[in-house]
Structures are given as C-alpha cells and as structure tokens.
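Note that the working numbering has the sequence shown beginning at 1, numbered continuously upward. All C-beta atoms, glycine included, are put in the ideal place defined by N, C-alpha and C. Note that the structure is a prediction, hence the values are computed from the model and not measured. Have a look at the structure below before the remarks.
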Amino acid sequence: SLSDKLDSALHVLKGHGQITEVNVAETLKEVRRALVDADVNYKIAKEFTNTVKEKALGQNVLTALKPGQLMVKLVKDELTQLMGGDAEGIDLSGNPSVILMSGLQGSGKTTFSGKLANYLKTKKSKNPLLVACDVYRPAAINQLHVVGEQIGVEVFSDEGNQDPVAISKAAIAHAKQNGNNVVIIDTAGRLAIDEAMMTEIANIHRAIEPNETLFVVDSMTGQDAVNTAKAFNERLNFDGVILTKLDGDTRGGAAISIKSVVDKPIKFIGTGEKMDAIDVFYPSRMADRILGMGDVVSLVERAQEQYDEEEARKLQKKIAKNEFGFDDFLNQLQQIKKMGSMKDLMGMIPGAGKMLKDVDIDDDAFKHIEAIIHSMTPEERSKPSLINASRKKRIGKGSGTSVQQVNQLLKQFNQMSKMMKMMQGGGGRKMMQMMKN
Ligand code: GDP
Ligand code: MG
C-alpha cells in the first residue's frame with residue numbers, strides 16, 4: 001500500500017541523524033514512486049515532490065535538529081494542502097435544498113444518496129426526500145426504496161415515467177408541499193462516459209439548478225477516476241466530490257489526483273456498504289492515513305460519539321462503591337462493540353495497520369466472554385467473588401467453554417476492576433482524556 005511504501009521511503013530519514021542533499025533527493029524519489037504506485041498522476045506526483053524539496057531546502061532540513069521529523073511534517077502538510085484546506089460542508093440554505101448526484105454506474109450514487117439522507121436526518125435534523133431518477137432500470141428504483149425504508153426516509157418515484165427532468169421537478173414540488181427541506185436526486189449512470197448520459201445529467205442540472213451538485217466516484221478506480229471527474233466537471237461544473245469505497249485498500253491516490261485536476265473539494269467519503277459508513281472528508285486526516293500515522297482523531301471522535309455520558313456517571317458511582325460487576329462488564333463490552341468492528345478501530349491506531357495485515361481479528365472474539373457471563377446467575381454477576389470451583393464448572397458447561405476459559409475471564413475481570421478503581425473519580429471520561437492527550 002501507499003502507506004507502507006512511504007513508510008519505507010521515510011524510514012531512511014527517520015533513522016538518520018544526518019541528511020545529505022543526495023539523501024533528500026533519493027527519499028523524495030521514493031515518495032514520488034509510492035504516490036505513482038497509488039495511482040497519483042505522474043505529473044502531479046512530480047510537482048508534489050518538487051514543492052516538498054524546495055520547502056525542505058528553504059527550511060534548512062539538512063541542518064535541522066530532527067531532519068526526519070521535519071521531512072515527514074513537510075510531506076504531510078503538502079499532502080494536506082494538495083487535498084484541499086479545511087473540510088467543506090454542503091449548501092443546505094435552500095428550501096428545499098436540492099442535491100444532485102452524478103457519476104458512473106456502480107460508483108455508489110444510490111448508496112451514498114441513502115447515507116447522505118440518513119446523515120442529514122440524524123445529524124442535522126433535516127427532513128430529506130430521496131428521488132429515484134434512474135429511469136432505465138426498475139431494479140435501481142427498487143434499490144432506492146429499500147434504502148429509504150432502511151433509514152426511514154421517504155422516496156419519490158414515478159415508475160414508467162422516462163423523463164428524469166419531469167420527475168425531478170415533480171419531486172421538488174412534492175417536497176415543497178410536504179415540508180421536505182432537502183431533496184436528494186439519485187440519477188442513472190453508465191459504465192463508461194457517453195454523450196447520452198452526459199446530456200441527460202446536464203439537462204437535469206440546467207432544469208432544476210441544484211444547490212449542490214455532487215460527483216460520486218469509486219476511489220478504487222484510480223487513474224480512470226481522474227478522467228471521469230474531468231469529463232463530468234466540464235459538463236456540470238460540480239460543487240464537490242464524494243469518494244466511495246475507501247474502506248478497502250485505503251489508497252489515497254484518487255483523492256490527491258482528483259483534487260488537483262478539477263480543483264473541487266472532496267466533501268464526504270464512503271467507508272462501507274452500510275448506511276452509517278459515511279464520514280466528512282478531512283484533508284489532514286487523509287494525509288495522516290496515507291502516511292500511516294493512523295487516524296487517531298477519527299477514533300477518538302467515534303469513541304466519544306458512542307460513549308453515553310449518563311452511563312459513565314452511573315458506572316463511576318458503582319466503581320467508587322465497589323459494586324462493579326459482570327453486568328457492567330458486559331455493558332462495557334457492548335459499548336466497545338458499538339464503536340465498530342475491532343479491525344476498523346485497530347486500524348486507526350498508529351502503527352497498528354502493519355500488525356493487522358498478518359493477524360486476523362475476529363469480531364466474534366467477544367462471543368465466548370458474552371456466553372460465559374450469560375451463564376452466570378444474576379447474583380454471581382454482581383458478586384463475582386461467589387464463583388467457586390463448582391460454580392466455575394457449571395458456568396463452563398452452560399456456556400460451552402472450559403473452566404480454564406472461565407478462569408481467564410475472571411482474571412481479566414479482576415484486572416479491569418483494579419484498573420477502574422485506580423482511575424476512580426474519572427471513570428471512562430478520564431480514559432478518553434488520556435487518549436486525546
Ligand atoms: P450506483 O450505480 O452509482 O448507484 O452505485 P450503488 O450505490 O448501487 O453501489 C454499487 C455497489 O457499491 C453496491 O454493491 C454498493 O453496496 C457498493 N458500495 C457503495 N458505496 C460503498 C462504500 O463506500 N464501500 C463499499 N465497500 N461498498 C460500497
Ligand atoms: Mg444507482
């Protein structure tokens with residue numbers, strides 16, 4: 001991956017106390033190669049490394065105290081710059097605000113339409129309307145209805161009507177009547193750019209004058225993504241880019257190239273097939289991710305989002321009174337699980353990315369633990385000290401685990417209780433604080 005390649009390219013600098021001009025040039029050559037390998041356009045990669053080199057020389061990298069760190073920072077800042085400044089939102093000022101999706105078939109338009117509707121509904125208290133304008137495939141209309149049902153958002157469609165402009169107009173009128181303050185128009189795409197598709201989307205664009213036209217692109221398509229972005233931008237002059245499928249092999253190449261070719265902000269990223277797999281795009285975080293520094297900020301944010309303050313207070317009281325039991329333990333496990341898959345979470349920890357390649361983290365790792373706890377009586381759960389040898393045997397049998405596994409869990413529990421006792425007065429919040437610092 002790009003991260004690994006950059007890692008080894010920068011390794012030279014990180015390890016050395018001394019840098020020579022040759023050293024800088026060689027390292028930047030490696031950086032350039034890594035970027036090109038990750039589908040960054042060659043010209044862009046070259047410009048990039050030239051800029052970094054100039055800055056490096058300007059800042060006297062050669063005589064700096066920690067040249068490696070300075071170089072990493074320069075590369076990171078420059079990458080961030082290349083992908084855009086601060087995160088940009090979408091225009092929700094209209095009533096309704098009309099958002100038009102564009103992009104090739106399979107890029108993720110329909111999925112993202114649903115994600116965006118869900119995001120606006122749950123995070124921005126909007127009342128969105130999804131509009132099915134992929135008039136050629138009945139299955140596509142159905143797909144949007146399924147998505148709408150999943151997230152509890154109304155879907156406007158007119159099966160049999162072959163005119164997407166008419167459908168869009170009718171949908172906007174419907175929204176005005178029904179108090180939908182956002183209208184998200186999902187359109188048809190083809191497998192490759194063709195005149196008919198371009199004319200159709202351009203016609204819709206002209207007719208409804210959307211507040212926001214978004215170009216949706218599959219980040220795995222690499223160099224092709226750049227050409228597609230260019231073609232759509234020439235016709236639509238779109239407002240922002242949506243990078244989908246950034247959950248797989250996290251290649252930042254497309255992000256870097258698209259941004260530098262069309263000069264439009266990347267607004268959101270899609271990181272999975274589920275409706276909540278949507279994130280605001282932050283250039284600096286993306287740069288971190290590309291550089292393999294791990295997206296710690298995202299991790300902390302997600303953890304905080306899922307952390308229930310009220311629960312935290314209750315838990316604190318219990319710990320203080322020595323009443324922390326297995327029910328609470330189970331609760332904590334469930335909190336952790338809510339944050340996402342273990343692999344996702346671990347992937348955001350700096351340095352962990354490499355480790356994970358060889359280790360397969362089993363999301364079911366908790367299953368045994370849960371089974372054991374479920375086999376305990378309520379009394380045992382609140383007072384684990386009751387669990388003697390014969391009870392251990394019974395619990396093992398009931399949960400389909402061994403006495404050893406039960407013992408191991410009891411040991412872990414004791415350690416955790418001790419740790420929590422030590423952190424008393426702060427509880428989970430203190431742990432979060434520690435993560436932030
Ligand atoms: P459309 O033809 O542009 O409407 O594309 P769809 O929304 O139908 O998506 C095409 C396929 O990509 C579907 O199987 C989606 O589940 C999948 N997909 C969309 N976005 C993502 C994403 O962010 N991550 C992953 N892994 N799959 C995605
Ligand atoms: Mg679709």
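**Q.** Assumed close pair residue 185, residue 131 - CB separation to whole angstroms, cut-off 8 angstroms
**A.** Along the sequence shown, one-based indexing puts residue 185 at 185. Along the sequence shown, one-based indexing puts residue 131 at 131. Right, the Cβ-Cβ distance comes to about 5 angstroms (below 8 angstroms), so this counts as a contact.
Q.
My output table needs one value for residue 301: the three-state DSSP class, helix, strand or coil.
A. As a first step, residue 301 is located in the sequence shown; it is residue number 301 there, counting from the start. Only weak support is given to the placement of residue 301: the predicted model assigns it a pLDDT of 48, under 50, and the value that follows is read from those uncertain coordinates. Note: residue 301 maps to helix in three-state DSSP.
Q) So does the segment 134-146 actually touch the segment 232-246, counting three or more Cβ pairs closer than 8 angstroms? A) Remark: fewer than three beta-carbon pairs, one from each stretch, lie closer than 8 angstroms, so the segment 134-146 and the segment 232-246 are not flagged as touching.
Q) If we ignore side chains and look at the alpha-carbon of each, how far apart do residue 223 and residue 260 end up? A) If you number the sequence shown from 1, residue 223 lands on position 223. If you number the sequence shown from 1, residue 260 lands on position 260. In a straight line, the C-alpha of residue 223 is about 13 angstroms away from that of residue 260.
Q: Quick one: grab the DSSP three-state call for residue 271.
A: The residue given as residue 271 occupies position 271 in the sequence shown. Reduced to three states, the DSSP call for residue 271 is coil.
Q. Under 7 angstroms from any heavy atom of ligand 1, does the C-beta of residue 107 make it?
A. Position 107 of the sequence shown, counted from the start, is the residue given in the question as residue 107. Yes - ligand 1 has a heavy atom lying nearer than 7 angstroms to the Cβ of residue 107.
**Q.** beta-carbon residue 140 near ligand 2 non-hydrogen atom, thresh 7 angstroms
**A.** Position 140 of the sequence shown holds residue 140. True, at least one ligand heavy atom lies under 7 angstroms from that Cβ.
Q. To which residues of the same chain is residue 375 closer than 6 angstroms at the C-beta, ignoring the five residues directly before and after it?
A. Stepping through the sequence shown from its first residue, residue 375 is reached at position 375. Correct list, in chain order: 395, 398, 399.
Q: Please name the residue or residues paired with residue 240 in a DSSP beta bridge.
A: Position 240 of the sequence shown, counted from the first residue, corresponds to residue 240. Its beta-bridge partners are 214.
**Q.** Three-pair Cβ contact test at 8 angstroms for the segment 210-217 versus the segment 97-114
**A.** Here the segment 210-217 lies against the segment 97-114, with 3 or more beta-carbon pairs under 8 angstroms apart.
(Q) Do residue 79 and residue 56 have their beta-carbon atoms positioned less than 8 angstroms apart in this structure? (A) Position 56 of the sequence shown, counted from the start, is the residue given in the question as residue 56. Position 79 of the sequence shown, counted from the start, is the residue given in the question as residue 79. Contact flag unset, no.
Q.
Which same chain residues end up closer than 8 angstroms to residue 272 when comparing Cβ atoms and leaving out the 5 residues on each side of it in sequence?
A. One-based indexing of the sequence shown puts residue 272 at position 272. Only 247 meet the Cβ criterion.
Q: Give the C-beta separation of residue 92 and residue 124 to the nearest angstrom, bearing in mind that I take them to be a contact with Cβ-Cβ under 8 angstroms.
A: Mapped onto the sequence shown, residue 92 falls at position 92. Mapped onto the sequence shown, residue 124 falls at position 124. Indeed they touch by this definition, with Cβ atoms about 7 angstroms apart.
Q.
Just verifying my parser: in three-state terms, what is the DSSP assignment at residue 100?
A. Residue mapping note: residue 100 aligns to position 100 of the sequence shown, counting from 1. Note: residue 100 maps to strand in three-state DSSP.
Q. Roughly how many angstroms lie between the CA atoms of residue 329 and residue 417, to the nearest whole one?
A. The count along the sequence shown starts at 1 and reaches residue 329 at position 329. The count along the sequence shown starts at 1 and reaches residue 417 at position 417. Cα to Cα, residue 329 sits roughly 9 angstroms from residue 417.
Q: Determine the extent of the beta strand (DSSP E) in which residue 209 is found, giving its start and end residues.
A: Position 209 of the sequence shown, counted from the start, is the residue given in the question as residue 209. Neither: residue 209 is in no beta strand (DSSP E) and is coded neither H nor E.
Q: Check whether the Cβ atoms of residue 190 and residue 197 lie closer than 8 angstroms to each other.
A: For this step, residue 190 is matched to residue 190 along the sequence shown. For this step, residue 197 is matched to residue 197 along the sequence shown. Against a cut-off of 8 angstroms, the Cβ pair of residue 197 and residue 190 comes out as a contact.
(Q) Closer than 7 angstroms to a non-hydrogen atom of ligand 2 - does that hold for the CB of residue 110? (A) Sequence index remark: in the sequence shown, residue 110 carries index 110 (1-based). Answer for residue 110: yes, Cβ within range of ligand 2.
Q. Taking 7 angstroms as the line, does the beta carbon of residue 189 fall inside it for any heavy atom of ligand 1?
A. As a working note, residue 189 is residue 189 in the sequence shown. The answer is yes for residue 189.
Q. With respect to the alpha helix (DSSP H) encompassing residue 387, which residues constitute its N-terminal and C-terminal limits?
A. Along the sequence shown, read from residue 1 onward, the residue named residue 387 stands at position 387. Careful: residue 387 lies outside any alpha helix (DSSP H) and carries neither H nor E.
Q: Would you please state the rounded distance, in angstroms, between the beta carbons of residue 199 and residue 107? I believe it to be under 8 angstroms.
A: Indexing the sequence shown from 1 puts residue 199 at position 199. Indexing the sequence shown from 1 puts residue 107 at position 107. 19 angstroms between Cβ atoms; not a contact.
Q.
Give me the residue from 254, 52, 211 with the minimum Cα distance to residue 227.
A. As a position in the sequence shown, residue 227 is number 227, starting the count at 1. Per the Cα distances, 254.
Q. Heavy atom of ligand 1 less than 7 angstroms from the Cβ of residue 216, yes or no?
A. Working through the sequence shown from its first residue, we reach residue 216 at position 216. Answer for residue 216: yes, Cβ within range of ligand 1.
Q) What span of residues does the alpha helix (DSSP H) with residue 187 cover, start to end? A) Residue numbering aside, residue 187 sits at position 187 when the sequence shown is read from its first letter. Taken as a continuous stretch (DSSP letters only), residue 187 belongs to no alpha helix (DSSP H), being part of the beta strand (DSSP E) at 182-187.
Q.
Taking the straight line between their C-alpha atoms, what separation do you get for residue 82 and residue 170?
A. Along the sequence shown, read from residue 1 onward, the residue named residue 82 stands at position 82. Along the sequence shown, read from residue 1 onward, the residue named residue 170 stands at position 170. The straight-line gap from Cα to Cα measures roughly 40 angstroms.
Q) Are the beta-carbon atoms of residue 327 and residue 382 separated by less than 8 angstroms? A) Looking up residue 327 in the sequence shown gives position 327. Looking up residue 382 in the sequence shown gives position 382. Less than 8 angstroms separates the beta-carbon of residue 327 from that of residue 382.
Q: Please name the residue, chosen from 384, 109, 115, 50, that lies closest to residue 140 on a Cα-to-Cα basis.
A: Locating residue 140 in the sequence shown gives position 140, where the first residue counts as 1. The option with the nearest alpha carbon to residue 140 is 109.
Q. Do residue 158 and ligand 2 come close, with the Cβ less than 7 angstroms from some heavy atom?
A. Along the sequence shown, one-based indexing puts residue 158 at 158. No, ligand 2 has no heavy atom inside 7 angstroms of this Cβ.
Q.
When you compare the CB positions of residue 203 and residue 165, do they come within less than 8 angstroms of one another, or not?
A. Position 203 of the sequence shown, counted from the start, is the residue given in the question as residue 203. Position 165 of the sequence shown, counted from the start, is the residue given in the question as residue 165. Yes, the Cβ-Cβ distance between residue 203 and residue 165 is below 8 angstroms.
Q. Skipping 5 residues on each side, what residues in its chain have a beta carbon closer than 6 angstroms to that of residue 115?
A. Within the sequence shown, residue 115 is the residue found at index 115, counting from 1. Within the same chain, residue 115 has close Cβ partners 275, 278.
**Q.** Residue from 233, 178, 155 with nearest C-alpha to residue 193
**A.** Within the sequence shown, numbered from 1, the residue matching residue 193 stands at position 193. Per the Cα distances, 233.
Q) Where does residue 172 sit, in a helix, a strand or coil, going by DSSP? A) The count along the sequence shown starts at 1 and reaches residue 172 at position 172. Reduced to three states, the DSSP call for residue 172 is helix.
Q.
Strictly under 8 angstroms for the Cβ-Cβ distance: is residue 146 near chain C by that measure?
A. As a matter of chain content, chain C is missing from the structure shown, which is built from one protein chain.
Q | residue 313 burial status per 10 Å Cβ neighbour count (16 or more: buried) | A | Numbered from its first residue, the sequence shown carries residue 313 at position 313. With fewer than 16 other Cβ atoms from the protein chains shown falling within 10 Å of its own Cβ, residue 313 counts as exposed.
Q.
For residue 388, count the other beta carbons within 10 Å of its own beta carbon; 16 or more makes it buried, fewer makes it exposed. Which is it?
A. For the purposes of this step, residue 388 is taken as the residue at position 388 of the sequence shown. Its Cβ having fewer than 16 others within 10 Å, residue 388 is exposed.
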